[in-house]
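Anchor point for the sequence shown: position 192 equals 1137 in my numbering, and the numbering is continuous, going up by one each time.
No residue lacks a Cβ here, since even glycine has one placed at the ideal position from N, Cα and C.
Quantities reported herein were computed from a predicted structural model and do not represent experimental measurements.
Structure record follows, encoded as C-alpha cells.
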Amino acid sequence: MQAGAKSGDIAAQRALVALAERQSELARRGADRARQLQARKAISDEQLEEQQWELDRLLLEKQRAEGTLAGLLEIRETDVLAAQSEIDAARAALETASAELAASELRAPIAGRVLRILTYPGERIDPAGLLELANVGVMQAVAEVYEGDVSLLRTGLRAKVVLDASGEELFGVVAELGNAVARKIVLTNDPVSDTDARVVEVRIDLEAESARRVERLSNARVEVFIDLGSANQSESSAVRVNPVVGYHPSVR
C-alpha cells in the first residue's frame, strides 16, 4: 500500500457505496412491506425472516464499503487494474439498481384529480388497479338516447344538463354520437318505462363554467335535454343519463 489514493480508486469505491445504499433502500422497502403483509397473515414468518436477513446483509455490505472508502481517503491500492475492474462492475450494478428503483415508482399518465384510491400501501393490488384518476378540467355528460331518436341528433347541437340531486342546470354541446346500440344501463323510477330499451350513447361537452361547477361530482345522475334546432323548434328531452364524467373518467 502507498500513501495518496488515486482518484480512480476513490471513484470506484464511491460507486460501490452508492450501490450499497440503493440496494439497502430497496431491501428496507421490501422488509417494510413484508412486515405489513405478515401482520395481515398474508405471508409466513419464514418469508418475513428472509426479507429481514437480506436487509441485514446489505446493511453490513454498505458499512464495509463505507469503511473501505474511508481508508482510501488516506491510502490507495497499487493494483490499478483490479480497481478499474471494480469500477466497471460497480457502474453496471449501479445502473441495474437504479433501474429497479425507478420501476418501483408510480407515475400518473395525466395531470388530474384522484377520485378514489383502490389499493393502499401493504395491500395486494386490486384487480381494478391502484386508483381512479380523472381530468376534471374538461367534463362530459353521457346520455342514453333511444335508437329511434338518434337520427334526429348531430354534433354541435346545444344541450341542457340537469342534476338529479339539486336540479342545477348545466349547458354544453353534443360532441359525439355512439356507433353501437346497446341495452339500457341507467334505470329510472318510472314503473312504466321500458327497461329493455335499446339505446345509443351520446356524449355532451360541458361548457367551462358548467364543468367547473361539477368537477367534484363525477358519476352524478343527470337528465339531458337536447335542442334539436331546425329539426324541432321545441326543446326535446333526450333521456335520463348516467354519469357526468371527464374525458379521462378513470385510469387503472
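Helix, strand or coil, according to DSSP, for residue i in the structure here?
i: Gly1074; result: strand
i: Val1087; result: strand
i: Leu1097; result: helix
i: Glu1146; result: strand
i: Ile1171; result: strand
i: Ala1165; result: coil
i: Ala1079; result: strand
Do you know how far the Cα of residue j is from the Cα of residue i?
i: Ala956; j: Ile1032; result: 8 angstroms
i: Asn1164; j: Arg973; result: 40 angstroms
i: Met1084; j: Glu1154; result: 10 angstroms
i: Arg959; j: Leu1078; result: 41 angstroms
i: Gly953; j: Glu1045; result: 26 angstroms
i: Glu1160; j: Leu1173; result: 27 angstroms
i: Gly1074; j: Ser1049; result: 15 angstroms
i: Arg1166; j: Lys1105; result: 14 angstroms
Whose C-beta lies closer than 6 angstroms to the C-beta of residue i among residues of the same chain, with five residues either side of it excluded?
i: Gly1123; result: Val1145 and Glu1146
i: Leu1151; result: Met1084, Leu1115 and Gly1117
Identify the continuous alpha helix (DSSP H) that holds residue i and give its terminal residues.
i: Ala963; result: Ser952 to Ala984
i: Ala1010; result: Asp990 to Leu1017
i: Arg1058; result: Arg1058 -> not in any alpha helix (DSSP H); beta strand (DSSP E) instead, spanning Arg1058 to Ile1062.
i: Ala1153; result: Ala1153 to Arg1158
Give the single residue among the options whose Cα lies nearest to the Cα of residue i.
i: Leu1162; options: Asp1172, Arg1143, Ala1086 and Leu961; result: Ala1086
i: Ala1088; options: Ala965, Ile1149, Asp990 and Ala1056; result: Ile1149
i: Arg964; options: Glu991, Lys1007 and Leu982; result: Note that residue 964 is Leu in the sequence shown, not Arg. Closest by alpha carbon: Lys1007.
i: Arg967; options: Lys986, Arg1128 and Ala1035; result: Ala1035
Closer than 8 angstroms by C-beta to residue i: which residues in its own chain qualify, once you throw out the five before and the five after it? Chain order, please.
i: Glu999; result: Ala972, Gly975 and Ala976
Looking only at its own chain, which residues have a Cβ that is under 7 angstroms from the Cβ of residue i, when we skip the five neighbours before and after it?
i: Asn1134; result: Only weak support is given to the placement of Asn1134: the predicted model assigns it a pLDDT of 47, under 50, and the value that follows is read from those uncertain coordinates. Hits under 7 angstroms: none found.
i: Ile1062; result: Leu1076
I need the boundaries of the beta strand (DSSP E) containing residue i, first residue and last residue.
i: Ala1104; result: Arg1103 to Leu1108
i: Asn1124; result: Glu1114 to Arg1128
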